[in-house]
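Everything on this sheet refers to the single structure shown next.
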Amino acid sequence: MSLPVTVTFMLADWIAKGLADGTFERVGGVIRDVGTKQVVSWLREQGSNNSQVLTPTDTPNNLLNLVFSCANLVASGANAATTVKGLTDVNQRLGGIENQLGKIGQSVQFTQGILQVTSAVSILNLGVSVIGFAVIAQRLKELEQRLQQAQKVLNKINRKIDLSFYANFRAAIELATNAFTMTKTENRRSSALQAINRFLEAEHIYAEYTDIEIEQKSQIADEYLLTLSLAYLAEARCYLELEEHDTALRRFEEGAKVIRSRIHKYVEILLTSNPAAYLHPQLKDHIDLRRLTRIYQWIDPALDENAVFELQRKNLFKIAKDPEKWLDSIPAAILTRVEVEGGWFGPSQDDLNQEAYKRLPQAFEVMESMIETNRRFEAYQTEVQAISQLGISFHDWLKLTPSTEIKPDGAELMYIIPSKPLELQPSI
Numbered sequence: 372m373s374l375p376v377t378v379t380f381m382l383a384d385w386i387a388k389g390l391a392d393g394t395f396e397r398v399g400g401v402i403r404d405v406g407t408k409q410v411v412s413w414l415r416e417q418g419s420n421n422s423q424v425l426t427p428t429d430t431p432n433n434l435l436n437l438v439f440s441c442a443n444l445v446a447s448g449a450n451a452a453t454t455v456k457g458l459t460d461v462n463q464r465l466g467g468i469e470n471q472l473g474k475i476g477q478s479v480q481f482t483q484g485i486l487q488v489t490s491a492v493s494i495l496n497l498g499v500s501v502i503g504f505a506v507i508a509q510r511l512k513e514l515e516q517r518l519q520q521a522q523k524v525l526n527k528i529n530r531k532i533d534l535s536f537y538a539n540f541r542a543a544i545e546l547a548t549n550a551f552t553m554t555k556t557e558n559r560r561s562s563a564l565q566a567i568n569r570f571l572e573a574e575h576i577y578a579e580y581t582d583i584e585i586e587q588k589s590q591i592a593d594e595y596l597l598t599l600s601l602a603y604l605a606e607a608r609c610y611l612e613l614e615e616h617d618t619a620l621r622r623f624e625e626g627a628k629v630i631r632s633r634i635h636k637y638v639e640i641l642l643t644s645n646p647a648a649y650l651h652p653q654l655k656d657h658i659d660l661r662r663l664t665r666i667y668q669w670i671d672p673a674l675d676e677n678a679v680f681e682l683q684r685k686n687l688f689k690i691a692k693d694p695e696k697w698l699d700s701i702p703a704a705i706l707t708r709v710e711v712e713g714g715w716f717g718p719s720q721d722d723l724n725q726e727a728y729k730r731l732p733q734a735f736e737v738m739e740s741m742i743e744t745n746r747r748f749e750a751y752q753t754e755v756q757a758i759s760q761l762g763i764s765f766h767d768w769l770k771l772t773p774s775t776e777i778k779p780d781g782a783e784l785m786y787i788i789p790s791k792p793l794e795l796q797p798s799i
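First residue of the sequence shown? That's 372 in the numbering used here, and the numbers climb one at a time after it.
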């Protein structure tokens with residue numbers, strides 16, 4: 372019996388056209404119809420590990436730089452890809468194909484500069500099928516290293532980070548890894564359930580840690596949010612390995628609610644008391660209204676650029692009239708006074724002002740990164756729904772690959788296209 376999907380290294384021209392004219396959009400690892408929300412393709416990276424491991428020579432000079440480095444851990448396939456069918460604009464379309472595309476189809480050749488590498492990267496891969504336990508363990512290690520580095524900075528404000536539970540999380544991953552190498556079904560299931568219990572414990576612990584850091588408007592809240600995402604992902608992956616699709620889907624749905632609500636709170640903090648600050652003339656080469664609109668559209672998809680401008684109309688005058696008022700209210704998630712060097716009597720108002728505007732582009736990229744991570748996590752739900760609806764086992768889904776195509780040089784993505792668009796319960 373033939374599979375109800377086509378797997379290819381080349382993006383179909385009709386999908387490329389839909390992405391170009393706005394009929395289709397990319398959300399996480401899914402390409403879907405903008406109007407009907409029907410899924411027309413899934414994306415899968417091709418076994419690359421682009422994670423950045425912290426080295427002793429990495430010496431971020433402020434905590435937000437370090438936090439952004441963490442959010443920027445993995446420039447995964449869709450973001451840093453230089454595929455033959457290259458795509459851009461991570462926030463809305465897989466390839467908001469700008470400037471000149473030339474002829475759409477397999478003859479399209481993208482040159483250096485046409486493919487724009489976005490700043491909004493994610494610690495999560497595009498598909499749940501390519502983020503197994505080994506990848507989760509590596510991401511976890513990187514997060515732990517970043518927090519260890521953050522501790523040096525946080526010592527200045529008498530903050531301590533409890534990293535003890537990362538060891539328990541790592542042990543749970545090792546337990547899960549070992550479980551699925553066992554030959555006896557009963558042993559495999561028993562060990563997997565033990566690992567699941569540990570992942571559940573990690574979810575509760577890191578949800579609490581996240582809430583504490585968000586309450587304090589901390590610069591390390593996103594590390595805990597990312598760790599929380601990995602805990603839910605590891606648990607759901609165990610259920611998928613056991614072919615318990617319904618349970619995996621339920622855990623993804625639960626995790627999506629928990630994670631999105633907290634990312635929403637963190638984004639609201641990073642937007643500051645006056646989001647018009649991101650449109651300051653000093654930042655004109657970094658952030659524009661379109662980019663700010665995409666943040667707001669994640670919060671409320673009904674907003675367009677005009678609506679976002681109206682939200683900021685009064686704010687623009689407020690910040691121009693009394694910039695010090697905004698500066699005094701800037702959250703610790705972006706800047707604390709102790710981080711800014713000054714003279715004998717500490718940093719001046721001008722020192723703080725200059726440092727604040729230096730941090731804003733980094734804070735903006737953290738927002739974009741967290742939103743992209745959230746979208747990828749939520750897209751995992753549609754992937755699991757599709758596996759069940761198409762009648763494919765998870766292990767067969769993992770094995771999907773083009774049957775006759777030779778992988779083109781530089782291709783970092785694979786496209787899984789159902790025989791007809793799938794009507795799935797939208798989670799994103």
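Think of the CB as a built atom: it goes at the ideal place given N, C-alpha and C, for glycine as much as any other residue.
Since residue i contacts residue j with CB under 8 Å, what's their CB separation in whole angstroms?
{"i": "I690", "j": "A750", "result": "So it is not a contact: roughly 36 Å between Cβ atoms."}
{"i": "F748", "j": "I630", "result": "6 Å"}
{"i": "Y649", "j": "L731", "result": "6 Å"}
{"i": "S600", "j": "T744", "result": "6 Å"}
{"i": "I787", "j": "R415", "result": "6 Å"}
{"i": "A800", "j": "L793", "result": "Only positions 372 to 799 of the chain appear in the structure, and residue 800 is not among them; the question remains open."}
{"i": "H616", "j": "V755", "result": "6 Å"}
{"i": "F551", "j": "E612", "result": "5 Å"}
{"i": "Y577", "j": "T554", "result": "So it is not a contact: roughly 33 Å between Cβ atoms."}
{"i": "V376", "j": "P789", "result": "5 Å"}
Report the three-state DSSP secondary structure of residue i (helix, strand or coil).
{"i": "F765", "result": "helix"}
{"i": "E783", "result": "coil"}
{"i": "T379", "result": "strand"}
{"i": "F540", "result": "helix"}
{"i": "P792", "result": "coil"}
{"i": "R397", "result": "strand"}
{"i": "L564", "result": "helix"}
{"i": "E348", "result": "Within the shown structure, residues of the chain are numbered from 372 to 799, placing residue 348 beyond reach of any answer."}
{"i": "I532", "result": "coil"}
{"i": "F551", "result": "coil"}
{"i": "G498", "result": "coil"}
{"i": "A602", "result": "helix"}
{"i": "D656", "result": "coil"}
{"i": "F439", "result": "Legend: pLDDT at F439 = 46, less than 50; position of this residue unreliable, no value from coordinates given."}
{"i": "P773", "result": "coil"}
{"i": "G503", "result": "coil"}
{"i": "N677", "result": "helix"}
{"i": "S632", "result": "helix"}
{"i": "N745", "result": "helix"}
{"i": "D384", "result": "helix"}
{"i": "A703", "result": "coil"}
{"i": "E736", "result": "helix"}
{"i": "Q590", "result": "coil"}
{"i": "D582", "result": "helix"}
{"i": "K512", "result": "helix"}
{"i": "N558", "result": "helix"}
{"i": "Q417", "result": "coil"}
{"i": "P646", "result": "helix"}
{"i": "D671", "result": "coil"}
{"i": "S759", "result": "helix"}
{"i": "T407", "result": "coil"}
Tell me, which residues are paired with residue i by DSSP?
{"i": "S805", "result": "Residue 805 lies beyond the residue range present for the chain, which begins at 372 and ends at 799; the question has no answer from this structure."}
Determine the closest residue to residue i out of the options, with distance taken between C-alpha atoms.
{"i": "N568", "options": "E515, I788, A602, E584", "result": "A602"}
{"i": "F504", "options": "S412, T548, P672, L795", "result": "T548"}
{"i": "T402", "options": "D392, I386, Q417", "result": "According to the sequence provided, residue 402 is Ile. The question's Thr does not apply to it. Of the listed residues, the one whose Cα sits closest to I402 is I386."}
{"i": "V378", "options": "H616, R708, D671, S412", "result": "S412"}
{"i": "P694", "options": "A673, V737, N645", "result": "N645"}
{"i": "R316", "options": "A605, Y667, A543, E712", "result": "Residue 316 lies beyond the range of the chain shown here (372 to 799); nothing can be said about it."}
{"i": "K531", "options": "M741, N677, E754, S589", "result": "S589"}
{"i": "W768", "options": "E739, I701, E614, D675", "result": "E614"}
{"i": "G393", "options": "N496, K408, D582, I544", "result": "K408"}
{"i": "K655", "options": "L597, Y728, L784", "result": "Y728"}
{"i": "L525", "options": "S764, V709, G762", "result": "V709"}
{"i": "I585", "options": "H635, I763, F570, V410", "result": "H635"}
{"i": "Y580", "options": "M741, T775, F765, A592", "result": "A592"}
{"i": "Q565", "options": "I583, I544, D582", "result": "I544"}
{"i": "Q733", "options": "I658, I494, S632, Q760", "result": "I658"}
{"i": "A340", "options": "D404, F380, T556, G400", "result": "Outside the shown range of the chain (372 to 799) lies residue 340, about which nothing can therefore be said."}
{"i": "E572", "options": "N558, R559, A538", "result": "A538"}
{"i": "Q417", "options": "V506, T753, E783", "result": "E783"}
Is the closest heavy atom of the ligand ZN to the C-beta of residue i under 6 Å?
{"i": "P652", "result": "With respect to small molecules bound, the structure shown includes none, and the ligand ZN cannot be examined in it."}
Q. Do the region 656 to 664 and the region 676 to 689 touch if we need at least three Cβ pairs shorter than 8 Å?
A. yes
Q) When the Cβ atoms of the region 504 to 523 are set against those of the region 623 to 638, are three or more pairs found closer than 8 Å? A) no
Q: Pair every Cβ in the region 698 to 714 with every Cβ in the region 636 to 645, then say whether three or more of these pairs are closer than 8 Å.
A: yes
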